[in-house]
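Worksheet: one structure, shown below.
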Amino acid sequence: MTPEEVLKLAKENGVKIVDFKFSDLPGTWQHFSVPVHVLSEDLFSEGLPFDGSSVRGFQTINESDMLVIPDADTAFLDPFTNIPTLSLTCDIAHPGRAGSQKPYSRDPRYIARKAEDYLRSTGIADTAFFGPEAEFYIFDNVRYASGDNIQYAEVDSEEAHWNSKGREDARNLGHLMNVKGGYFPVAPSDTYQDLRSEMVMNLENLGITVEAHHHEVGAAGQCEIDYKFGTLLNTADKLLLFKYVIKNTARKYGKSVTFMPKPVYGDNGSGMHTHQSLWKNGQPLFYEEGSYANLSQMARYYIGGVLTHAPSILAIAASSTNSYKRLVPGFEAPVNLVFSQGNRSAAIRIPRTESPKATRVEFRPPDPTANPYLLFSALLMAGLDGIRNEIDPSQYGYGPVDKDLYSMSKEELREISSVPGSLDESLKALENDHAFLLEGGVFTSDVLEKYVDLKREQADQVRLRPNPIEFSMYYDA
1 MTPEEVLKLA KENGVKIVDF KFSDLPGTWQ HFSVPVHVLS EDLFSEGLPF DGSSVRGFQT
61 INESDMLVIP DADTAFLDPF TNIPTLSLTC DIAHPGRAGS QKPYSRDPRY IARKAEDYLR
121 STGIADTAFF GPEAEFYIFD NVRYASGDNI QYAEVDSEEA HWNSKGREDA RNLGHLMNVK
181 GGYFPVAPSD TYQDLRSEMV MNLENLGITV EAHHHEVGAA GQCEIDYKFG TLLNTADKLL
241 LFKYVIKNTA RKYGKSVTFM PKPVYGDNGS GMHTHQSLWK NGQPLFYEEG SYANLSQMAR
301 YYIGGVLTHA PSILAIAASS TNSYKRLVPG FEAPVNLVFS QGNRSAAIRI PRTESPKATR
361 VEFRPPDPTA NPYLLFSALL MAGLDGIRNE IDPSQYGYGP VDKDLYSMSK EELREISSVP
421 GSLDESLKAL ENDHAFLLEG GVFTSDVLEK YVDLKREQAD QVRLRPNPIE FSMYYDA
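Residue 16 in UniProt numbering sits at position 16 of the sequence shown, with consecutive numbering throughout.
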């Protein structure tokens with residue numbers, strides 16, 4: 001879509017408000033709005049000023065003047081606003097003359113653009129496709145607080161087994177799901193068919209092609225909606241739009257959606273398995289008939305790069321303290337740094353297919369707290385590093401392993417590397433292993449240092465607070 005077409009879209013649909021959205025460094029959409037008369041073709045080159053000092057990971061107060069430069073191709077009519085509203089996703093830049101503004105180094109979209117440019121500059125491939133599978137929970141109620149004298153969190157779901165006695169304010173009709181029993185019974189156990197279907201309709205109306213939706217393993221309302229893969233920047237844009245649609249559609253039903261990795265103890269966490277492949281001149285590069293999992297040597301090198309750098313990638317892929325409550329043995333958590341065909345207990349799974357175009361690498365440790373622009377860029381840079389340095393995973397103890405890793409003995413598991421056990425460990429790994437991210441200027445030291453500072457501050461906040469389970473364990477000490 002061109003700027004001229006965006007203005008035409010706004011006029012034809014009676015738009016009154018234009019909403020400008022952009023990602024902060026951790027990966028959450030921020031926004032501000034203007035009356036539609038502010039929108040002009042010049043705005044798409046001149047940008048619009050805003051204060052960047054209060055945005056996480058952006059500028060300090062003494063250098064806070066920033067610009068949003070809307071991307072015309074991201075325009076959509078917001079289905080959740082009462083006032084007709086046009087939404088535009090934006091790049092961030094420093095103030096300057098129209099068309100010559102300097103891109104902001106900490107803008108996640110800029111990093112994603114640089115990653116795609118770097119890929120083309122290598123000559124290895126010209127396109128990287130990504131397909132994330134972001135799982136989420138739907139709750140009927142959520143309460144939490146963290147103060148000097150109180151620490152608690154409580155979630156509730158009408159599907160959850162803990163409501164088998166019925167709620168105080170309602171009768172119990174049964175058909176509740178047992179722990180890990182959500183994959184995937186029909187109604188009346190699955191109460192979210194219509195809600196998920198409306199989510200799908202909203203997504204498709206906004207240009208996101210959905211492939212399937214279903215209940216997930218988590219009994220207390222865990223769900224998954226899969227949509228078609230796309231190029232790096234486009235898919236990252238769509239993931240933030242996806243989360244926006246899912247949360248706001250649920251809100252209309254009086255429900256609350258969370259993408260946090262481990263909101264419920266004792267049941268499955270929410271991951272974001274990330275499929276990826278490289279193409280050149282319209283042809284897939286990861287397929288070679290007759291080899292293990294029909295993988296080309298390039299694909300094996302790509303896997304070797306991702307697994308070699310996986311501990312540092314986890315600082316971006318599993319970017320919250322809560323992420324590491326999901327990444328524990330069991331609960332289908334992919335904690336072992338090996339690759340395998342069809343094996344969901346490995347960090348990298350190669351989905352079974354005989355199609356060259358469908359041959360891909362699935363990296364399973366990420367979760368939806370990750371900033372998709374940074375995650376996809378980091379995975380691509382790691383994979384390219386593996387190709388450039390010919391890191392064959394079999395030569396470094398990364399498999400393939402086709403047996404159930406959860407059934408292996410402790411002696412066998414000692415021979416297999418695992419993901420870091422905490423956000424702190426992942427951040428240390430990123431500090432020690434990030435040269436591959438700096439290639440081609442895709443990431444910068446400034447971005448990585450600020451990112452680590454932000455995440456370490458979050459980890460410190462969690463570490464300083466007493467946990468409710470500690471009272472049951474130690475109060476009587």
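Every residue gets a Cβ at the ideal spot worked out from N, C-alpha and C, and that includes glycine.
- Between residue 270 and residue 136, the C-beta gap is smaller than 9 Å, which places the two residues in contact.
- In chain order, 88, 89, 237 place their CB closer than 7 Å to the CB of residue 74, counting only its own chain and leaving out the 5 sequence neighbours on each side.
- Beta-bridge annotation (DSSP): residue 225 is paired with 213.
- In this model, residue 22 and residue 212 are separated by some 28 Å (Cα to Cα).
- Residue 411 and residue 312 have their C-alpha atoms some 26 Å from each other.
- Judged by DSSP secondary structure, residue 131 falls within the beta strand (DSSP E) whose first and last residues are 127-139.
- Only exposed fits residue 252, as fewer than 16 other CB atoms lie within 10 angstroms of its CB.
- Counted as a single uninterrupted DSSP element, the beta strand (DSSP E) harbouring residue 50 occupies residues 48-51.
- In the three-state reduction of the DSSP assignment, residue 341 falls in the strand class.
- The Cβ atoms of residue 325 and residue 262 lie closer than 9 Å to each other.
- Cβ-Cβ distances below 8 Å link residue 110 to 91, 92, 103, 104 in the same chain, with the five nearest sequence neighbours on each side left out; the list follows chain order.
- Here residue 377 carries a helix assignment [DSSP, helix/strand/coil].
- Shown here, residue 327 sits in coil according to DSSP, grouped into three states, outside any helix or strand.
- In the structure shown, residue 91 falls within a strand segment according to DSSP collapsed to helix, strand and coil.
- Within a 10 Å sphere around the beta-carbon of residue 473 sit fewer than 16 other beta-carbons, which makes this residue exposed.
- Between residue 459 and residue 422, the CB-CB gap stays under 9 Å.
- Taking a C-beta distance under 9 Å as the contact criterion, residue 17 and residue 3 do not qualify as a contact pair.
- In the DSSP annotation of this structure, the continuous segment of the beta strand (DSSP E) that includes residue 17 starts and ends at 17-23.
- For residue 147, the number of other beta carbons within 10 angstroms of its own is below 16, and it is reported as exposed.
- Between residue 290 and residue 393, the beta carbon gap of about 19 Å keeps them out of contact (Cβ cut-off 8 Å).
- The criterion of a C-beta distance shorter than 9 Å is satisfied by residue 224 and residue 133.
- Inside the region 141-208, DSSP marks whole beta strand (DSSP E) runs of 3 or more residues at positions 141-146, 151-156, from first to last along the chain.
- Of the residues assessed, residue 432 falls on the exposed side of the cut-off, its CB having fewer than 16 other CB atoms within 10 angstroms.
- At least 9 Å separates the beta-carbon of residue 239 from that of residue 70.
- The way I'd put it, the region 241-255 doesn't touch the region 351-364; fewer than three beta-carbon pairs between them come closer than 8 Å.
- The beta carbons of residue 55 and residue 24 sit about 5 Å from each other, so the pair counts as a contact at 8 Å.
- In this structure residue 100 is exposed. Its beta-carbon is surrounded by fewer than 16 other beta-carbon atoms within 10 angstroms.
- Taken through DSSP and simplified to helix, strand or coil, residue 230 comes out as strand.
- Apart from the 5 residues on each side of it in sequence, residue 349 sits with its Cβ closer than 7 Å to the Cβ of 340, 342, 343, 362, 364 in its chain, given in chain order.
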